[in-house]
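> Have a look at this one.
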Amino acid sequence: MNENELKLLWQSAHTKLEDSLQVNRKNTEDITKLKVQNFLSSMKPIKIFTLIVGILWVAILGSTVVHLFIHAYDQVSLYFLCAAAIQVVLTAIAVVVYIYQLNLIYNVDFSKPVLNIQENLSKLKVSTLNITRILFLQLPVWTIFYWNDSMFENGNLFLWIIQVSITLTMSYWAIWLFFNIKFENRDQKWFKLIFSGKEWQPMLQSMELLSQIEGYQGAENENTRH
Amino acid sequence: MVFGIMTSGTALSQKFHQILEQHKGILFKVARTYCQNEADRQDLLQEMMIQIWKSLHRYNDNFAITTWMYRIALNVAISFYRKNTHQQNARLPLTDEMMHIQEEASSEKQDQLNLLEQFISEFNDLDKALVLLYLEDKSHAEIAEIMGLSVTNIGTKLGRIKEKLKKRFLLINS
């Protein structure tokens with residue numbers, strides 16, 4: 079089938095369809111009554127739930143930590159206070175970055191050129207990785223919050239070797255993941271293992287689209303050079 | 045001049061209906077290219093219409109309305125296509141299909157069209173957009189404006205896509 083035959087086939091079939099297409103007036107009228115959707119109402123329930131849990135966690139744990147710092151500083155383990163404070167700060171940063179990214183995604187102007195919009199949208203979705211990187215930094219904090227003075231006074235060498243090994247290992251992995259979780263490593267086995275769940279699919283699909291866009295832009299640059 | 049500055053709510057609403065009526069084919073063809081499943085396609089059409097309504101006040105009539113509509117329809121389709129459509133929320137309850145065909149004409153060309161649609165479905169998201177615009181007989185300049193690429197790049201990409209399509213049809217015929 080040659081070029082003209084292809085176009086003729088497509089156009090003749092769709093012209094017939096187009097003539098018989100009917101737009102449902104009732105539904106389009108409903109759309110014109112839509113107030114511009116606010117950010118929250120356009121979000122999926124699971125995202126709203128995640129945000130609420132994150133905000134509540136930061137609010138409750140944050141106020142508890144502040145309260146303990148002010149009123150019971152000498153009665154509470156300093157390790158617990160520091161671990162909790164670091165955890166709250168990192169979660170708060172992740173929540174703020176998450177809200178900022180979602181807001182940008184939901185306010186995209188779809189009438190801009192396809193490649194620009196898809197690139198921006200995909201980059202925004204892929205930048206969800208930054209939140210994961212921040213959250214992984216919490217790993218070592220979970221291994222020190224239960225430390226206390228009596229562990230130093232009464233603990234034996236064997237327990238300390240185990241404890242310090244765990245904390246150092248977690249610190250190593252937290253830092254390693256912080257620097258290595260990035261788009262460029264998307265084909266690595268460990269990356270695929272971490273991001274294998276269904277909830278990561280939109281982000282992985284955005285990565286795939288970004289690769290396609292890179293292919294297009296590569297050709298664009300080649301053409302410019304020639 | 046930006047359309048929204050001079051238009052009241054009712055006029056905007058009338059313009060919306062008028063645009064949809066005149067260019068419904070664009071939305072339908074894009075939806076059909078990206079969505080094989082009828083229920084998903086109705087959701088996609090609704091999403092396109094919502095985005096058109098949301099963007100209408102920003103429409104600058106120095107640009108061709110078809111370019112503007114293709115951009116919205118393709119951007120929504122590519123974004124929508126990658127979502128799990130069964131997890132959508134914030135939808136209007138559909139009283140009926142957003143758009144429907146009164147009587148789907150059956151012809152001997154239907155099989156070939158199905159075949160063409162099947163081949164198109166094998167392309168990646170961006171190539172699908174290109175092949176659709178090419179079959180719609182858009183000029184390279186128009187396609188470049190819709191896609192945000194240079195005319196030369198469009199020519200190169202289309203050349204490869206046409207070659208692929210040709211090979212697929214040859215394979216089937218042989």
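Quick mapping for you: the protein sequence lines, in order, are chains A and B.
The opening position of the first sequence corresponds to residue 79 in the numbering used here, with each subsequent residue numbered one higher.
The opening position of the second sequence corresponds to residue 45 in the numbering used here, with each subsequent residue numbered one higher.
The beta carbon of each residue, even a glycine, is placed where N, CA and C say it ideally should be.
Check L215 of chain A in the structure and name its three-state DSSP category.
Of the three classes helix, strand and coil, the one that applies to L215 of chain A here is coil, per DSSP.
> Which residues of the segment 58-71 of chain B have a Cβ closer than 7 angstroms to any Cβ of chain A? Give them in chain order.
Hits within the stretch, in order: F60, H61, L64, E65, K68 and G69.
> The beta strand (DSSP E) spanning Q66 of chain B covers which residue range?
First-last for Q66 of chain B: G53 to Y78, but that is the alpha helix (DSSP H), not the beta strand (DSSP E).
> Count the other CB atoms within 10 Å of the CB of R76 of chain B; is the residue buried (16 or more) or exposed (fewer)?
R76 of chain B should be labelled buried.
> Answer with yes or no whether the minimum CB distance from Y294 of chain A to chain B is below 8 angstroms.
Yes - at least one Cβ of chain B is within 8 angstroms of the one on Y294 of chain A.
> Look at the alpha carbon of D97 of chain A and the alpha carbon of H67 of chain B, and state the distance between them as a whole number of angstroms.
Using only the alpha carbons, I get a separation of about 11 angstroms.
> Enumerated in chain order, which unbroken segments of the alpha helix (DSSP H) with a length of 4 residues or greater are wholly contained in the segment 171-217 of chain B?
Listed in chain order, the complete alpha helix (DSSP H) runs (minimum 4 residues) inside the segment 171-217 of chain B are 184-191 and 195-217.
> Quick check: the segment 128-135 of chain A against the segment 149-162 of chain A, are at least 3 beta-carbon pairs closer than 8 angstroms?
Cβ pair count under 8 angstroms is below three, so no.
> Kindly indicate which three-state DSSP category N80 of chain A falls into: helix, strand or coil?
In this structure, N80 of chain A counts as coil in the three-state DSSP scheme.
> Cα separation between L207 of chain A and F261 of chain A?
If you take the alpha carbons of L207 of chain A and F261 of chain A, they lie about 8 angstroms apart.
> Measuring alpha carbon to alpha carbon, tell me which of B:L100, B:T110, B:V120 and B:L159 ends up nearest A91 of chain A.
Answer by Cα proximity: B:L159.
> Going along chain A, which residues have a C-beta under 8 angstroms from S165 of chain B?
Here the premise fails: no neighbours, minimum Cβ distance about 14 angstroms.
> Exposed or buried, which one is V144 of chain A when buried takes at least 16 other CB atoms within 10 Å?
Under this definition V144 of chain A is an exposed residue.
> Looking at C-beta atoms only, is the number of pairs between the segment 55-66 of chain B and the segment 94-105 of chain B that lie closer than 8 angstroms three or more?
As far as the Cβ criterion goes, the segment 55-66 of chain B touches the segment 94-105 of chain B, which means the pair count is three or higher.
> Could you pull out every residue in the same chain whose Cβ sits closer than 8 angstroms to the Cβ of F188 of chain A, ignoring the five residues on either side in sequence?
Correct list, in chain order: I195.
> For L209 of chain B versus L246 of chain A, is the C-beta spacing smaller than 8 angstroms?
Going by C-beta atoms, L209 of chain B is not nearer than 8 angstroms to L246 of chain A.
> Strictly below 8 angstroms CB to CB, what residues from chain B border D187 of chain A?
What D187 of chain A touches in chain B: S99 and R102.
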